[in-house]
Amino acid sequence: MECSSPLLGSASSSSSHAGSRELEAILSNTAASWGRRAWAGAAVELPLLLRLALPAVAVYLINYLMSMSTQIFCGQLGNLELAAASLGNTGIQVFSYGLMLGMGSAVETLCGQAYGAHKYEMLGVYLQRSTILLAATGVPLAVIYVYSRPILLLLGESERIAAAAAVFVYGLIPQIFAYATNFPIQKFLQAQSIVAPSACIAAATLLLHLALSWLAVYKLGLGLLGASLVLSLSWWLIVVAQFAYILAAPRCRETWTGFTTQAFAGLCGFAKLSAASAVMLCLETWYFQVMVLIAGLLPNPELSLDSLSICMAIFGWVYTISIGFNAAASVRVGNELGAGNPRAAAFSVVMSTTMSFILAVVAAVIVLCLRDRIAYLFTGGKTVADAVSDLCPLLAITLILNGVQPVLSGKNHVCWFPFGKSLYSVYKENIKFSQKELLSGSLRRDAWDSTWEKYRRKGGGKVAMVKLKLQKLNPALSYYMFVGVAVGCGWQVFVAYVNVGCYYFIGMPLGLFLGFYLGLGAKGVWSGMVIGGTLLQTLILLWVTFRTDWQHEVEKAHERIAMWEDKKNSLQQD
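If you want this note's numbering, it's the position in the sequence shown, counting the first as 1, plus 152.
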């Protein structure tokens, strides 16, 4: 369920700049018909989009398959083992994954800033600071893993499933500290647009992971513990290989100058930024944990967990496609707004959403055609296969909705990210908040000027939930957050409340009502929590997207750049 962080940078090549200018010129040619402009624009935009999206999809998919294969190996041992692995992964492991990933995302903006400002030595310092902080966070998380069995029992899970899930979770303890190192390393490399090595390392590790999992589970008979230990080992192999690359690669000689005590300076401020970055991420990640935990409370918990986890694993596999297009869209829209190309930015939204939607529809059709056989990839049990077949229509609908929603969700939350003003910089500019006013992600000046002030005047509470990164992913995927097209507009607070409101105040109560009160079981829980919440969210974001004034967004982007171009980043002057 875990994957690496995004592998796209925001910098455009000269050819991309030329393509952007050509695209804007094509779309501005009012002498041509709309259809001719759209066709010619697609010929320019599609290569730009695919050049960003396809590598991202490949890496996301490779990393996801490593986790998915572990669940498949466990499922071949029996229905109990599949339920235990699903609960351990989605009920316990995602808790730490979301927290660590959210905290680790704070270093992403700082590394990108430092690299763009030619403060190369600071990248290594940020890498070490983040690793120290995440490793310290891993200690209490490891304690939670150790006591996972009583925790699951306290949450109402059955004795058999809780005991088996605890065995699986014990083997994931080393993975916590692999996360603590992996996330900062990924951001460190990303800031330098180093993509290919991560892809090669991920592919090689996947092959080794499959071989070791087969050996541990089937030949050595290590069962659930062996499967989870191999997964932890695989993540450590990724960490070691990437760090070895950093030490050996000429491209990293200026950015990695060795270990330094400077990494221990400023940890308090760095911790505040990291914690703020994790808040909204965890709220969304934990939502899907709750759904799986609720499935474990249904009358037939093994069957409910097995069928739901299989469908969500398939969903996660397909969803990596949308994630790749979301990441590509974030770069395209941010670059077009920064370049003053409103028509090209809007057209990028249309193209990325359309491509993601088409691929999602194709995947949904395949799922429906294979609904009676698809579960046998995970388990040999006919009862589970029948339950999965019954859920496949819901899975198909979810795939289609999530072929559109993440791109739109992305479009509405971090327009300002490419221009590199982190929350820390805003904080150092003396925009102060009370201790009760909690920020998540990276607060941008436009959010302060608009939505936040409006929110405060209305007396709507003391918590501003602002997203830099959103992880609206199912627990089987539990992968990166989506920074889609919305890396263009800066409506962070609005999207934050749309997402949380749709999930926690509409989707969750509806899922509980359908699953328990109406007795619809896993189908009811899924219908309410995923389709109910996501459908409403998609409709709202579609409405907002169609109302967007892209020329106004360009003007706002230029105002932000002018506002901050002469400011100094105090954190880089440590």
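Beta carbons: idealized from backbone N, C-alpha and C, even for Gly.
Rounded to whole angstroms, the separation of the alpha carbons of residue 654 and residue 407 is 42 Å.
Contact between residue 198 and residue 309 fails: their C-beta atoms lie close to 48 Å from each other, not under 8 Å.
Ranked by how close their Cα comes to the Cα of residue 248, the residues 539, 392, 274 and 327 have 327 in first place.
Residue 233 has its alpha-carbon roughly 7 Å from the corresponding atom of residue 376. A residue is called buried when at least 16 other Cβ atoms come within 10 angstroms of its Cβ; residue 438 meets this threshold and is buried. Residue 340 is positioned such that its CB atom lies closer than 8 Å to that of residue 263. Note that the C-beta distance between residue 365 and residue 221 is below 8 Å.
Within its own chain, the residues whose Cβ lies closer than 6 Å to the Cβ of residue 320, once the five positions on either side in sequence are excluded, are 236, 237, 240, 376 and 380, listed in chain order. For residue 374, the closest C-alpha among the options 681, 688, 555 and 225 is that of 225. CA-CA distance, residue 390 to residue 356, rounds to 9 Å. Our two residues, residue 330 and residue 280, have alpha carbons roughly 14 Å apart in a direct line. A direct Cα-to-Cα measurement between residue 210 and residue 346 gives close to 15 Å. When secondary structure is reduced to three states using DSSP, residue 494 falls in the helix class. Non-local C-beta neighbours of residue 528 in its own chain, meaning closer than 7 Å and more than five positions away in sequence, comprise 537, ordered along the chain. Nearest to residue 500 by alpha-carbon distance, out of 186, 184 and 193, is 193. One Cα belongs to residue 684, the other to residue 662, and the distance between them is close to 7 Å. Short of 8 Å from the beta carbon of residue 289, and not among the five residues preceding or following it, lie these beta carbons of its own chain, in chain order: 251, 252, 255 and 332. A residue is called buried when at least 16 other Cβ atoms come within 10 angstroms of its Cβ; residue 532 does not meet this threshold and is exposed. For residue 218, the enclosing alpha helix (DSSP H) has its first and last residue at 186–227. Here the C-alpha atom of residue 312 lies approximately 10 Å from the C-alpha atom of residue 318. Between residue 660 and residue 442 a beta carbon distance of about 7 Å is seen, short of the 8 Å cut, so the two are scored as contacting.
Here DSSP, grouped into helix, strand and coil, assigns residue 271 to coil. Apart from sequence neighbours up to five positions away, the residues of its chain that approach residue 520 with a beta-carbon distance below 8 Å are 544, 545 and 548, ordered along the chain. Scanning 384, 370, 352 and 303 for the CA closest to the CA of residue 325 turns up 384. When secondary structure is reduced to three states using DSSP, residue 299 falls in the coil class, being assigned neither helix nor strand. A direct Cα-Cα distance of roughly 15 Å separates residue 187 from residue 176. By the beta-carbon neighbour count (other beta carbons within 10 angstroms, threshold 16), residue 278 is buried. Secondary structure at residue 344: coil, using DSSP grouped into helix, strand and coil.
In this structure residue 524 is exposed. Its beta-carbon is surrounded by fewer than 16 other beta-carbon atoms within 10 angstroms. In the DSSP assignment, residue 538 falls within the alpha helix (DSSP H) that extends over 534–553. Around the Cβ of residue 678, a 10 Å sphere holds 16 or more other Cβ atoms; the residue is buried. Burial of residue 456 is indicated by the presence of at least 16 other C-beta atoms within 10 angstroms of its C-beta.
Following the DSSP letters along the chain, one finds residue 661 inside the alpha helix (DSSP H) bounded by residues 660–664.
For residue 678, the enclosing alpha helix (DSSP H) begins and ends at 673–678. By the 16-neighbour rule on beta-carbons within 10 angstroms, residue 534 is exposed.
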